[in-house]
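Residue numbers (my numbering), protein chains in the order written: chain A, 1 to 544; chain B, 1001 to 1099; chain C, 2001 to 2239; chain D, 3001 to 3768. Beta carbons: idealized from backbone N, C-alpha and C, even for Gly. These numbers were taken from a predicted model, which means no experiment stands behind them. Notes follow the structure.
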Amino acid sequence: MDFFRDWGLTLLIFAPLIGAAVMMAFPKTDESIHKVLALGTTLVTAVIGVVLLIDFDYDRADEMQWAVERNWIDIIRAEYAVGIDGMSLPLLILTLLVVPLVIIYSWNHFPHPHNPKAFLMLILVLHTGMIGSFVARDLVLFFVFFEVVLLPMFFMIAVWGGEDRKYASLKFFLYTLFGSALMLVSFLALFFLAGAETFSIVGLSDAVAEGGVSRNAQIWIFGGMLLGFGIKVPMFPFHTWLPDAHTQAPTQGSVILAAVLLKLGTYGFVRIAIPILPEAAVVWSPVIGALACIGIIYGALGCLAQTDMKRLIAFSSVAHMGYVMLGIATLTDWGINAAIFGMVAHGLITGMLFFVAGSVKERYHTLEISRLGGLLVSAPRMGWILGFISMASLGLPGLAGFWGEFPAILAAYNPANGVPVGLFRFYMVVAALGTVLAAGYLLWLLQRTAMGEPSEEFANNPEITDPNREEWIAWTPLLVLILVFGLVPGLIFNITDPAVEANISDCLSTDVGDDKASFDVGTCERDGIDAALADLGVAIGDGE
Amino acid sequence: MMLNQFLLLAAVLFCLGVYGVLTRRNGVLVLMSVELILNAVNINLVAFGAFQDNVVGDVFAVFVIAVAAAEVGVGLAMVLLMYRNRKSIDFTEVDMLKG
Amino acid sequence: MSVLAQVANELTSSEVDIAQNIAFGIIAAAMIFSAFKTVTTANVVHAALYLVIVLAGVAAIFILLGSDFVGATQVLVYIGAIVVLFLFGIMLTKAQLGDDETVETERRSMGALVGVLLLVVMGYALVDTFENAELEFSDPEPIAFSEIDVKVSDVPTPVVDALPDVFGDRGGDDIVTITGADFATLVPEVQRRVPGAEVFGNNKQIADSIFSQYIVPFEAVSVLLLAALIGAIVVARKE
Amino acid sequence: MSGLMSFLAVEAVPDVSFTTDANWFLENVWIIPLLPVLSFFAIIFFGKRLPQGGAEIGIAAVGVAFVLAVLTNIAWLDHRDNFDYHDGQTRTHSEKHSDGDDHASAVIDVDGVPETVVLSFAEEGEDAGEESHPSVAVVNEMSWLTNGGIDFKAGTMLDGPAALMLFVVTLISLLVHIYSTDYVSGDRRYTHFFAFLSLFTGSMLAYVVSHNILQMIVTWELVGLCSFALIGHWWEEKPNSDAALKAFLTNRVGDIGLLVGMVILFFSAGGTFDVIEINEKAVSGEISQTALTWAAISLTAAVMSKSGQFVLHTWLPDAMAGPTPVSALIHAATLVVAGVFMIARLYPVFWYGFVIPGSSINGLALIGSITVVFGGLLAFVQNDIKKVLAYSTVSQLGYMVLALGVGAWTAAIFHLFTHAFFKAGLFLGSGSVAHSVHSFDMKNDMGGMRKFMPTTFKTFIICSIALAGVFPFAGFWSKDEILVGTGGFGVGAEKANGEYTLMLVMGLVGAMLTGAYMTRCIYLTFFGEFRGHGHPHESGPRITIPLIILSVFAFGAGFLNFPPGFLTGDAKKPSFWQERFGHFVEPLAAYFPPISHSVPSWWLAIIASVIGLIGPAIAYFYYFVLVDRKANETGEKLTELPNGPTSSIGFLKAGHTLLVNKYYLDHLYQNVIVGFTKGPLSKAAYWFNQNVLDGVVDEAGRSAERSGRFIYRFIDQGFIEGVVNGSGRASSTGGQGLRKIQTGKVQQYAALLFAGATVLAGIFMIVN
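Written out as structure tokens, the structure is:
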């Protein structure tokens, strides 16, 4: 175990790169070697993930474990600092799970123009970037991995994508690059202004807490990060790259994009932006909350207008990430726990939805909703799976999606000190309204694709079959996890909660309010409720 | 001697090299300009090595020379190939990267 | 013993400095002129020949900076091999001998603009950053010394001053013996003025570095060279 | 204000509200919901391979659950009467209330000595020994999730209402399972049907034993999901999937209220989901009046959608698209009573939130009373036998909500209990008829069925009489108790919780309507000439036996709760065989508000019975006399008079049209709200997305590219004497969109690269 404690994360980060390098040595005609190599590499990372899960000390989930710190680029004080705590563990494990499944799914499903070697190598490079982003504890390191992710994804869309792939990939690339440029500027500004001579997150956080950065500067820096991370999330109104990228990307790309890449943005908020700049977070939170709520409603309306299944799912991501952002905007334990849960749940569910959409496309050669129909007749199991994940996606309790939504709504009722309460209660109602719209578009999708009789065009088409072996292998873990996390949400909440408390509540309570915002019972609490209700302009008689 | 005089010399060489790369049509001349750039880099390396009083700069300068040799070899091979295929080594006609 | 070190033996440091600066000025002027001609001349062969001057100048600069080994390598590899390759390239592509106005593109102004901009930015940055940085050459470490008999008249004054025991009471003898023990008592600056002391440049250190600390890059470069060799053959051969 | 005075007589309640130390059955009640849930998975995965297609698993699981539920109930009876409390743990409400005087229920110091006000209810109404044996919930919990550093539990909470619901749900579900083996035999998705039937049962069982509101939300939604799956069981036909969608979405609308209400409760109770804790804090006044009111209003919205209360009831009749056994299960024991059960569960919230005691009108009671009448009226214009029953359910649910709204908690739960049996009987009976004639259309495909299906006919009649509330059938007792509980016109002596005269009137009107539409339904189905095709015959034993069992309950269930003073004894003091139901079901703990029980009134019972018979009498006259005579005269198979009042009298005609169109509510929802959201609104949003947001992005890209090209040209033309030659022009005119920058010229790329690097470096220098 000691070996893993020292080397585990480093191994995890670089194993995919090594795998890619080995693959380079084989000619591209040996497809099976490449598949085995790529799968083997990701399985190795998955095994390390299992070891991590076993070795992880859940009682100390608030501390960095398997932590490593080495000098890296002395001249700019960047360190190679990695580690895992309760906040990043679920996301890391999600990554380690999804990528092997994507490769298994790809086994016989390589999109045009085929070329498994290049495709799998890109996935492996992507894997390194994603793992690195979740374990980095140094801003420069984080930034490097954050950017590493960009290029493979760009090529995946640009080479293996749909008809309009060039436009979509360029838009994706430029948009996110624009975001990361702002992010980098924010990081640099933070580095120079804080004067802490370090890029480590904790170090910067301390430096800011000690008053190293003026309040105005903090707000501006947070604004930069908001744009940078917000584009990645994507947050309304920076989401327009997403539907195009998703629609044009190959299935595997869509799955990884939805399951992991979008989380980099939200993860950035909870790991970097808020802990370092809590004061600015409080200032910005009404804005984030408003954008989140607009995103929820707007994404749902966008879904209702879609005629393409994949595009609909892409828009639903905007709505779902809205809940995550709303949770983050509350700056409370509940909200941020909900956000992390929401990230994992969205990863599993939307990843699954894209898988199914990809398989539907492969069978029907179209995703035009009006032409589909009767999936439950033609391929009953596939139809049931679609029904199951639609339910999960609309936030049905008992499935994973609910635990991302409800606690976020709950937290919005009572946000952190300093955040306008009345406004957030309004957000809460809007978000609750969003659940209805979510049910609307997902069930409508389900009705039009799965229910009814198949159209003449596709009736008795032998191509339309139930999931094959690879699909079952790739999907089963996701489906099982959606159910398990739905029934036992403690599996994630119990891990994230101590870390969230350590990272966010603590810095908020020291910087912003006198005491922890979320759960204090007592007179002030109740006065707060009454006052806020009164704020809403409704006076209620005593009934006497 | 001042460090800067070497660095400025290198900068001038570098910029001349860049100018050459950007303006020359003939493939061989472009490669020559690249050599100018590489040499500018080498001067910098060696000057900094002397400035820091160690041999790292020298070592890397040697590596750069080796790499430059490889680069010229491959580059000229490509120019030859291009010449054979198109009967011209005019870089402005090379626009296969066009999107 | 390098030429420069020998010159240096004779001169005081400020004298050396002036000499070096003069040398530098001449070399630099030649280099810049030649480089300019390389990138502007219309004659391809001339360009190659101007390039030779630049490369030689670079080698001279290396020597001026005390890196004899790199300088030697520069001459061997660049002037000896690469330029020849270029000439072959020129001939094989049947370039027009003599002036050829088509070698220049129409984007000269753009290139000039970029180049000048780059120069301004870099120049400003350099001047700003290294305004007062001076080069001080540490003395190369002497690596070996065996007992030697020298003529007193040949020995520079600092050595005589530093070894009063040897030179002080010699009884009019014209030849004295400097032992290894005597030599070891001297500070390095004086040591290298002792006639016959085997004072080298930094070649030994370079060798040490390459084969210990930088062994991996070294191996990588060797593989790269091999790859380039094979690659060049593959690319250039006729189908 | 005499009513208020009597209301103030609060009873002694123990300090402990729950215990974890009780009979094994009471502690391990989680097994009961678990069995059907496990059966769901077993059927899904293995059902198709079994000889009975999975039905046997479902029946076995629900059967065992039923046996356990019975044992649990027996254990509960024992617990209720014999649980031994530790000494010195009784505390009075007055003590608790002394610091929370923002409630209407605050103690008024009548004689200056508070203790005198603290008259024990037991002293007045129950055996003296009862005082120390109030109903105490049995709680069994385990850690579920941690959030904000607090460990939240999941678990079961068993008290009177929960135990009762376990019994009702398992019994009805078992009967429905057995019935379904015949009814849906040969169905294309037989196995799935049983799987979801099991899950449905399991979710509802889990719902009733939920220990916290979070669990309630989860199971509440699961119940909704199962109803979605079952209503849309035959999803090949679009109307069925439409109905399923409508049911789910309408419930989702109500769920906004559920979520908001629960969130308000969570925070106002100081960060707890625990039902008992929330209730206790509501009772003790720790939760402010404002918060309670908002929570109650929000939760009422949820109840309105789930329990089909007026304006959000429209999904319920459409839900008849599902198979009949499902309708029976939904309407009798599961989905729709979930809302009623929630009010009962969180009663203190509503009690104080709506200020029920001592008032004469409140939101809950008003919604209930409107639903009673409006739902009943709609039943008159339905031709589909199941829709008649569906609107009947709407109307009966209105009674329950009304009862809860006026403070007659026990009456509401009792009505829920009796209604479960006769409504299940009616639905299954209608299914039996439809199974035989292959249609639900009373007017075109039924008539004279009594000759073909005697058993179904008899059980249907019994259940109808019970529904109409005729003495001594089950419906009579529960309906009467509700009417008394309203305290309208001062009935119920001074023990009513308020004076809800309007509710009483509406309740009476509802009783009249109930009898009338059931008479119409029976005539159209069972009397007259057979108007359908084929040869109908009586259903098999797997259908008739459940019907017989249910009709027995429909007849006898009311005897469980004889009003005090019935036949013998004092009306204020129930004897050992009176009001048993209330005794065992009603919690008497700190988490329950101090409700009082109206004193039964003979006069009201008689008047209600008479009114309740007027309706059927008119209907009888119309159908059995007028229509029958006309039919005999003309020799046609008539179902209505050709020139009946609804087609000849103007305002009746208008009313008829209004009813046929279901008050135009569906138009409002479907065409206006849904249509607008799905059509113009979403299209507008998408247009905004594509043209404005995306337009901005694209425009930014394009203008960047344009300005780049402009500068490029400017430099080109400004610095070179000469003209931009061909390649230059090609680079400036090639391609579309952002691709145009890519000219493919290596050197141009290099120039851009260097220029970019230079600019960046320059910026960096200036910044630095």
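- Message: Within 7 Å of any Cβ in chain B, is that where the Cβ of residue 2221 of chain C sits?
- Response: The Cβ of residue 2221 of chain C sits closer than 7 Å to at least one Cβ of chain B.
- Message: Using a Cβ-Cβ cutoff of less than 6 Å, which residues in the same chain neighbour residue 252 of chain A once the five nearest sequence positions on both sides are dropped?
- Response: Here residue 252 of chain A has 102, 106 as same chain residues with Cβ atoms under 6 Å from its own Cβ, once five neighbours each way along the sequence are excluded.
- Message: Using only the alpha-carbon positions, how far apart do residue 3653 of chain D and residue 379 of chain A sit?
- Response: Distance from the CA of residue 3653 of chain D to the CA of residue 379 of chain A, rounded to the nearest whole angstrom, comes to 50 Å.
- Assign residue 517 of chain A to one of two classes, buried (16 or more other C-beta atoms within 10 Å of its C-beta) or exposed (fewer than that). Only weak support is given to the placement of residue 517 of chain A: the predicted model assigns it a pLDDT of 37, under 50, and the value that follows is read from those uncertain coordinates. By the 16-neighbour rule on beta-carbons within 10 angstroms, residue 517 of chain A is buried.
- For residue 2032 of chain C and residue 1068 of chain B, the rounded distance between their alpha carbons: Going from the Cα of residue 1068 of chain B to the Cα of residue 2032 of chain C covers about 21 Å.
- In chain order, what residues of the same chain lie with their CB nearer than 6 Å to the CB of residue 64 of chain A, ignoring the 5 residues before and after it? 83, 85, listed in sequence order.
- Message: Under 7 Å, Cβ to Cβ, is there at least one residue of chain B near residue 3750 of chain D?
- Response: Output row for residue 3750 of chain D: interface = yes.
- Item | Coarse secondary structure for residue 3280 of chain D, derived from DSSP in three states | Here residue 3280 of chain D sits in helix by DSSP.
- What are the boundary residues of the alpha helix (DSSP H) that includes residue 1009 of chain B? Looking at the DSSP string, the run of the alpha helix (DSSP H) that includes residue 1009 of chain B is 1003 to 1023.
- Kindly provide the ranges of any alpha helix (DSSP H) runs that are 4 or more residues long and lie completely inside the region 385 to 453 of chain A, ordered along the chain. Taking only runs of at least 4 residues, the alpha helix (DSSP H) segments lying wholly in the region 385 to 453 of chain A are 400 to 413, 421 to 449.
- Item | Separation of residue 2123 of chain C from residue 3717 of chain D, as counted between CA atoms | Note on residue 3717 of chain D: pLDDT 47, under 50, position unreliable in the model; no value is reported.
- Query: Where does the unbroken alpha helix (DSSP H) through residue 2231 of chain C begin, and where does it stop?
  - Reply: Run containing residue 2231 of chain C: 2215 to 2236, per the alpha helix (DSSP H) assignment.
- Query: Taking the alpha-carbon positions, what's the residue 2224 of chain C to residue 1035 of chain B distance?
  - Reply: Between residue 2224 of chain C and residue 1035 of chain B, the C-alpha separation is close to 18 Å.
- Nearest neighbour of residue 3398 of chain D, chosen from D/3176, D/3480, D/3432, D/3506 [CA to CA]: Ranking the options by Cα distance to residue 3398 of chain D, first place goes to D/3506.
- Message: Tell me the residue span of the beta strand (DSSP E) that contains residue 1963 of chain C.
- Response: What is shown of chain C runs 2001 to 2239, which leaves residue 1963 of chain C out entirely.
- Starting from the beta carbon of residue 2117 of chain C, find every residue of chain D whose beta carbon is closer than 9 Å, and list them in chain order. Within 9 Å Cβ-Cβ: 3754, 3755, 3758, 3759, 3762.
- Task: Can you pull the chain D residues whose beta carbon is under 8 Å from the beta carbon of residue 337 of chain A, in chain order?
- Result: Within chain D, the residues 3147, 3148 have their CB atoms less than 8 Å from the CB of residue 337 of chain A, given in chain order.
- Query: DSSP three-state call for residue 3085 of chain D: helix, strand or coil?
  - Reply: Here the model assigns residue 3085 of chain D a pLDDT of 43, short of 50, so the residue's position is not dependable and the matter cannot be decided.
- Query: According to the Cβ coordinates, are residue 292 of chain A and residue 349 of chain A closer than 7 Å?
  - Reply: Result no, Cβ atoms of residue 292 of chain A and residue 349 of chain A do not sit closer than 7 Å.
- Query: If we call anything under 7 Å between Cβ atoms a contact, is residue 306 of chain A one with residue 3245 of chain D?
  - Reply: Between residue 306 of chain A and residue 3245 of chain D, the C-beta spacing is not below 7 Å.
- In its own chain, which residues sit with a C-beta less than 8 Å from the C-beta of residue 2222 of chain C, not counting the 5 before and 5 after it? The answer is none, since no qualifying residue turns up.
- Cβ contact (3+ pairs, closer than 8 Å) linking the region 41 to 51 of chain A and the region 115 to 135 of chain A: The answer is yes - the region 115 to 135 of chain A touches the region 41 to 51 of chain A, with three or more Cβ pairs under 8 Å.
- Message: I need the straight-line Cα distance from residue 3503 of chain D to residue 3302 of chain D, nearest angstrom please.
- Response: Approximately 22 Å, taken between the alpha carbons.
- residue 3681 of chain D - DSSP class collapsed to helix/strand/coil: In the three-state scheme derived from DSSP, where H, G and I count as helix and E and B as strand, residue 3681 of chain D is classed as helix.
- If you measure beta-carbon to beta-carbon, which residues of the region 1071 to 1087 of chain B are closer than 7 Å to chain C? For the region 1071 to 1087 of chain B, which is checked against every Cβ of chain C, the residues closer than 7 Å are 1072, 1073, 1074, 1076, 1077, 1078, 1079, 1080, 1081, 1083.
- Message: I want to know whether the region 3352 to 3359 of chain D touches the region 3410 to 3421 of chain D - three or more CB-CB distances under 8 Å.
- Response: Taking 8 Å as the limit for Cβ pairs, the verdict is that the region 3410 to 3421 of chain D does not touch the region 3352 to 3359 of chain D.
- beta-carbon residue 3765 of chain D near the ligand SAH non-hydrogen atom, thresh 6 Å: With respect to small molecules bound, the structure shown includes none, and the ligand SAH cannot be examined in it.
- Query: Taking 7 Å as the CB-CB limit, is residue 3028 of chain D close to chain A?
  - Reply: Proximity of residue 3028 of chain D to chain A, defined by a Cβ-Cβ separation below 7 Å, is not satisfied.
- Query: Which value, in whole angstroms, describes the spacing of the CA atoms of residue 2998 of chain D and residue 1022 of chain B?
  - Reply: The requested residue 2998 of chain D is not part of the displayed model; chain D covers only 3001 to 3768.
- Classify residue 3142 of chain D as helix, strand or coil using the three-state DSSP reduction. Looking at residue 3142 of chain D - three-state DSSP - the assignment turns out to be strand.
- Query: Going by DSSP, what residues sit across from residue 73 of chain A in a beta bridge?
  - Reply: According to DSSP, residue 73 of chain A bridges with A/78.
- Name the DSSP bridge partner or partners of residue 2177 of chain C? Paired residue(s): C/2149.
- Message: From the DSSP secondary-structure annotation, give me the bridge partner or partners of residue 3157 of chain D.
- Response: Beta bridge pairing from DSSP links residue 3157 of chain D with D/3139.
- Item | Alpha-carbon spacing of residue 93 of chain A relative to residue 260 of chain A, whole angstroms | If I take the Cα positions, the gap works out to 11 Å.
- With a CB to CB cut of under 6 Å and the five nearest residues on each side skipped, what residues in its chain are close to residue 1083 of chain B? Hits under 6 Å: 1089.
- Task: State yes or no: is the C-beta of residue 324 of chain A within less than 7 Å of the C-beta of residue 276 of chain A?
- Result: Going by C-beta atoms, residue 324 of chain A is not nearer than 7 Å to residue 276 of chain A.
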